[in-house]
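**Q** Structure in structure tokens, see below.
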Amino acid sequence: MATSLSQPSGSMLKLDEPSSVNPESVMFSDSAGSVRLEIEPGKTPAKSMKPKAPEPQLPHPISSLTRSIVEFAKFMMGTTGRDYQLPDPPTTEELKYFEFWNISIQNNQDTQATQRPLPPQIAIGDDVIQDKVENDLPGIDYKPAPIPPNYEISKHVKHECDAQFCLRGLPRITFQWNKPSLKTSPWNSASAQILADQWHSWYLEKRHYSRSTKLKVDARAVIARWLKTAAGKQRRITKEELSLREFRLDHFKEQHKQARRQIGLSRRMTAHACFPKHKNFFSKLYEMEVVSDYDYEADDDDDEAPPTRILPYWRSKVLGDLSHELDLAAIQLASPEEKPTISKLLQRRETRDATEFEASLEKIPLEAFTECFSDEFLQDTSVLERRQLQINETTQPYSLSQALADLQKLTCKENARPID
């Protein structure tokens with residue numbers, strides 16, 4: 069149902085009135101009170117020595133904080149979930165209306181030019197929109213997106229966000245997907261800012277924080293980063309394509325499940341052969357769940373192509389390096405007859421981080437010790453979630469770092485050994 073909201077009245081500070089402030093005497097105030105600073109003519113005042121505000125942080129692309137911001141934006145556009153469908157980009161008429169609306173607002177705010185003419189490049193002869201501009205755009209035919217199922221975001225929050233878009237002259241919540249940038253698209257820039265502000269208010273209320281609390285995260289930058297990856301999903305997927313994708317995904321999962329068992333067994337047996345004194349350590353470490361859930365690309369048309377090494381979000385770099393070193397050791401320990409088979413099983417085409425979808429399907433091992441997990445994952449995990457995973461935070465007599473160093477001494481060729 070279309071909603072009509074009137075635009076806010078504009079106000080502007082008059083800068084052309086004579087100032088009563090002595091240009092050579094500037095007053096500023098801080099927590100200690102007011103201080104008068106005398107500046108000699110022709111000299112530049114010294115820069116303020118006040119400490120800078122903390123720099124906004126950009127969380128990991130698949131952290132829970134990033135997912136919260138992105139899911140909030142998707143919810144406001146009427147979509148949610150993994151196989152979400154993005155709304156259509158703004159139409160030419162909607163883009164024109166947004167431009168004219170902003171010009172009208174600027175004209176209303178300018179108390180010195182109540183009848184400012186439109187720039188030549190904007191006056192494009194659209195009589196309907198032109199009439200709205202000349203009548204100061206009293207309202208907007210806003211089209212709210214449908215409300216998708218979400219147990220965290222209420223209808224009240226959705227309506228409040230819709231109202232903010234309406235007040236900014238945006239007929240609906242969407243993006244120019246062909247311009248996945250905030251710098252080149254005023255529409256995208258305004259939309260991202262509203263969504264970031266609304267998410268900030270909603271998140272504070274959800275966490276029962278004071279509304280004056282300032283979060284370090286830069287939600288607008290998170291949305292800007294997501295836009296670049298979301299633009300590729302804008303194309304509509306047919307039912308036939310979706311059915312084929314599901315069939316290939318099922319085949320992929322079964323194929324990968326078998327490969328995971330083989331890789332996990334190979335790493336465990338190799339570790340036992342290289343470290344007979346630490347069999348218990350490696351037996352518990354290299355269970356099936358420690359192997360990446362998605363070493364194979366589901367959309368790869370070439371079944372014979374080497375798989376891609378996709379790094380799990382939860383896994384630490386040292387555990388990943390140790391796993392890859394064990395793969396190298398397995399190839400070196402293999403007999404000439406077995407070497408081609410084991411090499412084909414363990415070879416990789418390239419390496420990349422897991423996507424949000426892949427990370428959501430990862431099996432995280434239980435009772436693993438802290439060194440197994442990445443810093444990003446630990447920072448993104450609450451106390452209750454750590455308890456659920458039964459993360460072992462005690463100091464281990466034999467660490468992953470030491471195991472990696474010891475294994476590299478065994479796999480390194482004599483002529484390539486580093487100088488101590």
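The sequence shown lines up with residues 69 to 488 when you count with the numbering used here.
Quick reminder that beta carbons are idealized off the backbone N, C-alpha and C, glycines included.
Under three-state DSSP, which class holds Leu434?
**A** Here DSSP, grouped into helix, strand and coil, assigns Leu434 to coil.
**Q** Sorted by chain position, which residues of the same chain lie with C-beta nearer than 8 Å to Asn460's C-beta, five sequence neighbours on each side aside?
**A** So the qualifying residues of the chain are Glu435, Ala436, Phe437 and Thr438.
**Q** Is the stretch 461-473 close to the stretch 415-424, with three or more CB pairs under 8 Å?
**A** The stretch 461-473 is not in contact with the stretch 415-424.
**Q** Once DSSP output is grouped into helix, strand and coil, what is the label at Leu379?
**A** The answer is strand: DSSP assigns Leu379 an E or B state.
**Q** May I ask which residues mark the beginning and end of the alpha helix (DSSP H) holding Thr489?
**A** There is simply no residue 489 to check, as the chain begins at 69 and stops at 488 in what is shown.
**Q** Once the 5 residues before and after Val285 are set aside, which same chain residues still bring their CB inside 7 Å of it?
**A** Pro124, Gln125, Pro127 and Leu133
**Q** Kindly indicate the opening and closing residues of the beta strand (DSSP E) around Asp546.
**A** The first residue shown for the chain is 69 and the last is 488, placing residue 546 beyond what the model contains.
**Q** Could you spell out where the alpha helix (DSSP H) holding Gln232 opens and where it closes?
**A** Lys223 to Leu235
**Q** Thinking C-alpha only, which one of Glu322, Lys431 and Met144 is nearest Glu501?
**A** This structure cannot speak to residue 501, because the chain is shown only from 69 to 488.
**Q** Output the distance between the C-alpha atoms of Thr148 and Leu163, rounded to the nearest integer angstrom.
**A** 25 Å
**Q** Kindly confirm or deny that the stretch 441-456 and the stretch 150-170 touch, where touching means at least three C-beta pairs closer than 8 Å.
**A** Counting Cβ pairs under 8 Å, fewer than three are found: no touch.
**Q** Would you identify the three-state DSSP class for Gln323, choosing helix, strand or coil?
**A** helix
**Q** Taking the Cβ atom as the reference point for each residue, do Leu283 and Phe140 lie within a distance shorter than 8 Å?
**A** In this structure, Phe140 does not lie closer than 8 Å to Leu283 by Cβ.
**Q** Taking the continuous alpha helix (DSSP H) assigned at Thr297, which residues delimit it?
**A** Ala287 to Ala298 is the span of the alpha helix (DSSP H), which, as asked, contains Thr297.
**Q** Here's the rule: buried if 16 or more other CB atoms are within 10 angstroms of the residue's CB, otherwise exposed. What is Glu405?
**A** exposed
**Q** Is the stretch 331-343 touching the stretch 373-382, taking contact as three or more C-beta pairs under 8 Å?
**A** no
**Q** Distance check for Ser222 and Phe168, CA to CA, integer angstroms please.
**A** Computed Cα separation, rounded: 32 Å.
**Q** Could you work out which residue in Ala327, Glu322, Thr463 and Thr423 is closest to Thr297 when comparing CA atoms only?
**A** Thr423
**Q** In chain order, what residues of the same chain have a beta carbon less than 7 Å from the beta carbon of Phe349, not counting five sequence neighbours either side?
**A** Tyr466
**Q** Report the residue from Leu452, Asp156, Lys431 and Asp443 whose alpha carbon sits nearest the alpha carbon of Lys325.
**A** When each option's Cα is compared against that of Lys325, the closest is Lys431.
**Q** Let me check understanding here. Comparing Cα to Cα, which of Tyr152, Pro158, Ala258 and Leu250 lies closest to Lys211?
**A** Pro158
**Q** Could you give the residue range of the alpha helix (DSSP H) that holds Glu220?
**A** From DSSP, Glu220 is part of no alpha helix (DSSP H); its letter is neither H nor E.
**Q** Going by beta-carbon coordinates alone, are Arg288 and Ala258 separated by less than 8 Å?
**A** no
**Q** Per DSSP, which residues does Asn246 bridge with? Please list them.
**A** Looking at the DSSP assignment, Asn246 forms no beta bridge with any residue, so it has no partner.
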